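Below is one structure; the comments refer to it alone.
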Amino acid sequence: REVFVEVPDVKWSDVGGLEDIKEEMKEAVEWPLKYSDLFKKAGTNPPKGILLHGVPGTGKTLLCKAIATESGVNFISVKGPSLVSKYVGESEKAIREVFKIAKQASPTILFFDEIDSVVPRRGSSSTDAHVTERVISQFLTEMDGIEELKGVVVLAATNRLDMVDPAILRS
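Okay, so the sequence shown: first residue is 246 according to this note's numbering, each after it adds one.
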């Protein structure tokens with residue numbers, strides 16, 4: 246598994262419509278990355294992550310690429326199913342590595358496409374190894390753990406919001 250850090254070439258002008266969503270993405274993602282010192286002085290904490298959901302083809306991935314380009318920060322795109330492994334501990338290790346690379350390349354937007362395959366609803370699969378629980382725990386630890394995500398914003402997209410674990414949906 247290789248993770249590529251890139252800056253996409255999608256601009257806001259490439260995204261048709263969605264003006265309200267573009268403005269919200271600018272305020273929630275671009276401003277905290279560009280003006281982090283102002284947020285620090287104001288004593289506010291910007292969101293660590295944003296989950297985009299909707300039917301396929303509505304521009305979720307395009308929005309994430311555009312915000313990375315317009316922010317001028319690194320962009321790491323991870324296809325959800327590529328992190329899942331049949332070997333014990335490999336999926337958790339893959340999640341740790343992705344977050345480690347994102348922290349090293351900060352400021353970074355870390356984008357998980359098809360997040361429902363990485364963090365499905367607990368108890369929904371009938372595996373004996375409890376892989377799902379361990380992967381969700383690792384993901385939550387990376388997001389909210391002791392080590393702070395400085396300069397990393399996590400974006401995720403799914404078209405199956407009902408399949409995503411509720412712990413991921415909390416604020």
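C-beta: ideal position from N, C-alpha, C; glycine also.
Being a predicted model, the structure only gives us computed values, none of them experimental.
Does residue i come within less than 8 Å of chain C when only Cβ atoms are used?
{"i": "K331", "result": "Any reference to chain C falls outside this structure, which holds one protein chain only."}
I'd like to confirm the pairing. Which residues does DSSP put opposite residue i in its beta bridges?
{"i": "V323", "result": "F357"}
{"i": "V409", "result": "P365"}
At which residues does the beta strand (DSSP E) containing residue i begin and terminate?
{"i": "L296", "result": "G294 to H298"}
{"i": "T403", "result": "V397 to T403"}
Please report the straight-line C-alpha distance between residue i and residue j, rounded to a whole angstrom.
{"i": "M388", "j": "E272", "result": "20 Å"}
{"i": "D373", "j": "D361", "result": "In this predicted model, D373 has a pLDDT of only 48, less than 50, meaning its place in the structure is not dependable enough to derive any value."}
{"i": "L278", "j": "S382", "result": "26 Å"}
{"i": "G216", "j": "P292", "result": "Past the edges of the chain, shown from 246 to 416, lies residue 216, and the structure says nothing about it."}
{"i": "T386", "j": "A287", "result": "27 Å"}
{"i": "L307", "j": "E378", "result": "30 Å"}
{"i": "V260", "j": "G302", "result": "12 Å"}
{"i": "V333", "j": "V376", "result": "8 Å"}
Which class does residue i belong to by DSSP, given the choice of helix, strand or coil?
{"i": "P365", "result": "strand"}
{"i": "A287", "result": "helix"}
{"i": "E434", "result": "The question about residue 434 has no answer, for the chain in this structure spans 246 to 416."}
{"i": "K331", "result": "coil"}
Excluding sequence positions up to five away, which residues of its chain have a Cβ less than 6 Å from the Cβ of residue i?
{"i": "L297", "result": "K305 and A402"}
{"i": "A347", "result": "I321, T353, L355 and V397"}
{"i": "V329", "result": "S336"}
{"i": "E359", "result": "G325"}
{"i": "D410", "result": "V364, R366, R367 and I381"}
{"i": "E269", "result": "none"}
Considering just the uninterrupted stretch of the alpha helix (DSSP H) at residue i, what are its terminal residues?
{"i": "S258", "result": "Taken as a continuous stretch (DSSP letters only), S258 belongs to no alpha helix (DSSP H), as it is neither H nor E."}
{"i": "T386", "result": "V376 to D389"}
{"i": "V343", "result": "E335 to Q349"}
{"i": "P277", "result": "W276 to K279"}
{"i": "L308", "result": "K305 to S316"}
Closer than 7 Å by C-beta to residue i: which residues in its own chain qualify, once you throw out the five before and the five after it? Chain order, please.
{"i": "P253", "result": "K310, A313, T314 and F320"}
Give every residue of the same chain whose Cβ lies closer than 8 Å to the Cβ of residue i, excluding the five residues on either side of it in the sequence, and list them in chain order.
{"i": "W257", "result": "K267, A311 and E315"}
{"i": "F344", "result": "L355, E387, L394 and V397"}
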